[in-house]
Amino acid sequence: MEGPRLPPSAAAHESDDDKPDDPPSVWHRPTSSLPSLPFQDPPPHHWRNHSLDFSSIPTTPLSSLAPPDSIPELETYVVQVPRDQVYWTPPPDHAKYVEKRRKNPEKNKKSGCSKRLMWFLIILIAFGFILGAITLVLHFAFNPALPVFAIEKFSFVPSNFEVTLKAENPTSNMGVSYMMRKNGVVSLTYKDKSLGRGKFPRLSQVAMGSDKISLKLNGSTKNAAMPPSGSKLPLSLVLKIELKAEYEAGPVKKNKEAAVTCDVKVKGLLDAKKVEIVSENCESEFKN
Numbered sequence: 039m040e041g042p043r044l045p046p047s048a049a050a051h052e053s054d055d056d057k058p059d060d061p062p063s064v065w066h067r068p069t070s071s072l073p074s075l076p077f078q079d080p081p082p083h084h085w086r087n088h089s090l091d092f093s094s095i096p097t098t099p100l101s102s103l104a105p106p107d108s109i110p111e112l113e114t115y116v117v118q119v120p121r122d123q124v125y126w127t128p129p130p131d132h133a134k135y136v137e138k139r140r141k142n143p144e145k146n147k148k149s150g151c152s153k154r155l156m157w158f159l160i161i162l163i164a165f166g167f168i169l170g171a172i173t174l175v176l177h178f179a180f181n182p183a184l185p186v187f188a189i190e191k192f193s194f195v196p197s198n199f200e201v202t203l204k205a206e207n208p209t210s211n212m213g214v215s216y217m218m219r220k221n222g223v224v225s226l227t228y229k230d231k232s233l234g235r236g237k238f239p240r241l242s243q244v245a246m247g248s249d250k251i252s253l254k255l256n257g258s259t260k261n262a263a264m265p266p267s268g269s270k271l272p273l274s275l276v277l278k279i280e281l282k283a284e285y286e287a288g289p290v291k292k293n294k295e296a297a298v299t300c301d302v303k304v305k306g307l308l309d310a311k312k313v314e315i316v317s318e319n320c321e322s323e324f325k326n
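Residue numbers (my numbering): 39 to 326.
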């Protein structure tokens, strides 16, 4: 009587196993490479003797396993440096100075402000010194000289005096313009008594220039105690002129107020003849 018939696959496996010379299957793993398993009861008999059943093997979490020895990772950096650049290390003193500035930022700010203020004052003082030097040079280089006047002719007609003056500008590097000063006057007096009054016409002269100017004064001799007619004694008269003088040489300009006083002695003034000038002397001065 025959027993139960096995499946074809099982029979095939048994036939294959009976061959001792056949090599083991490729997918079988040597038992020596498997990790040691905890002790447990042998698995129940299975009708497939040569099949592997891992369902009963307990799974061990990966976290409980001992980690392998860590292998340090090596990092590689690639630095490209241009050939035309040269890198140099600053001296240690520079690093100390930078560190000092980092530790005291408020002090650095104060020192920076004080340094800027100091440089501003130095520049201001230098500018003032330069300006003062330029002013001093201009003062001595362009210094107006007092004008020179002289009486060349004196005449008298009824109610008018005519005086011819010679005016000279002795300043060698500046031209000058003369005009009447505000509220100024040209007056002729005899013993502090007014004989005539008039105006000074505008006159412009170049440097070292000389010109003649004629003055007309309105007045008479009635208000003054004059000597009797026919007297040969000279009369002492005083001519006063108040002027404004403007000197100029390119961009340099200077304004002066000048007062001219002329003492003149004449004969023949009361005889209505030709008046003779016995002596004359004119002096000038600047009022500012």
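Positions of the beta carbon are idealized from the N, C-alpha and C atoms, including for glycine.
Nearest by alpha-carbon distance to residue i: which of the options is it?
i, options, result
"A245", "I161, V117, N181", "N181"
"F238", "K250, F178, E286, M264", "K250"
"D230", "K325, V195, L273, P130", "L273"
"V195", "V313, F324, C320, S317", "V313"
"N319", "A262, F199, G170, K204", "K204"
"P208", "L184, L159, I161", "L184"
"K278", "G213, L155, G170, R219", "R219"
"V298", "I172, L174, A188, V304", "A188"
"S317", "D301, N198, F158", "D301"
"L275", "V304, Y285, V116", "V304"
Alpha carbon to alpha carbon, what distance is there between residue j and residue i?
i, j, result
"K260", "G288", "50 Å"
"Y228", "L308", "13 Å"
"G306", "V224", "23 Å"
"N256", "K291", "35 Å"
"N221", "F165", "41 Å"
"G170", "L176", "10 Å"
"Y285", "T173", "16 Å"
Under a Cβ-count criterion, where at least 16 other Cβ atoms within 10 Å of its own Cβ denotes burial, should residue i be classed as buried or exposed?
i, result
"A179", "exposed"
"L72", "Low per-residue confidence applies at L72: pLDDT is 46, beneath 50, and the placement is therefore not dependable, though the value from the model is reported in the following sentence. The residue in question, L72, is exposed, as its Cβ has fewer than 16 Cβ neighbours within 10 Å."
"S53", "For S53, the predicted model reports a pLDDT of 42, less than 50, meaning its position is unreliable and no value from the coordinates is stated."
"A402", "Nothing about residue 402 can be read from this structure; the chain reaches only from 39 to 326."
"I161", "exposed"
"Y115", "exposed"
"M212", "buried"
Less than 8 Å separating the beta-carbons of residue i and residue j?
i, j, result
"S269", "A296", "no"
"Q243", "V201", "no"
"F199", "G234", "yes"
"V216", "L281", "Val is not the amino acid found at residue 216; the sequence shown has Tyr there. For Y216 and L281, yes; Cβs fall inside 8 Å."
"S248", "E206", "yes"
Pull the bridge partners of residue i from the DSSP assignment, please.
i, result
"V276", "T227, D301"
"V195", "N198"
"F178", "Looking at the DSSP assignment, F178 forms no beta bridge with any residue, so it has no partner."
"C151", "For C151, which the question treats as bridged, DSSP gives no partner whatsoever."
"Q243", "V214"
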